[in-house]
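So for the sequence shown, my numbering puts the first residue at 721; every next one is plus one.
Built from N, CA and C at the ideal position, the CB exists for glycine as well.
Keep in mind the model is a prediction, meaning the values are calculated, not measured.
For reference, the structure discussed in these notes is given below.
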Amino acid sequence: MKKNSLRSIPDLPYRLLSPGNTSLFAFVMTLRLAVRARVAEEQSRGVCFADIVAQVREMVTRSEDAASQSGPRPSPEFRAISKRALAWCLEAYRLPASRGLPPGDHFPTSAPT
């Protein structure tokens, strides 16, 4: 029964990055670095997370325009890249030290006493 249920899952209709598509891979890695730098810079200025996300969305839109991929509907690749960019924001965003958590420890195992 278990084998049949696994076979019923359809394959993805496309791959975001093919092994030979190094230009898209380089583009994504460069965009990731730019997003992380923007988050760090804006957070150091005291900009709230929601505003940082809005700026990152604009960065992705401009990147799509520069790559001549914009049209009435964004390509599946750019929709996926846009979602990843939001995840990169979360990865790069640091909670303020005033909350009492060490950097990177967003889920402490015990409550402070």
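Query, Result
"Where Tyr813 falls: helix, strand or coil (DSSP)", "coil"
"8 Å contact criterion, which Val780 and Ala805 should meet: CB distance rounded", "5 Å"
"Whole-angstrom C-beta distance between Arg814 and Gln775, which should lie under 8 Å", "Not confirmed; about 17 Å, so no contact."
"Terminal residues of the alpha helix (DSSP H) in which Ser743 lies", "742-764"
"For Val776, the three-state DSSP class (helix, strand or coil)", "helix"
"Beta-carbon proximity list for Phe769, same chain, < 7 Å, skipping 5 on both sides", "Tyr813"
"Between the CA atoms of Ser743 and Arg777 - distance to the nearest angstrom", "21 Å"
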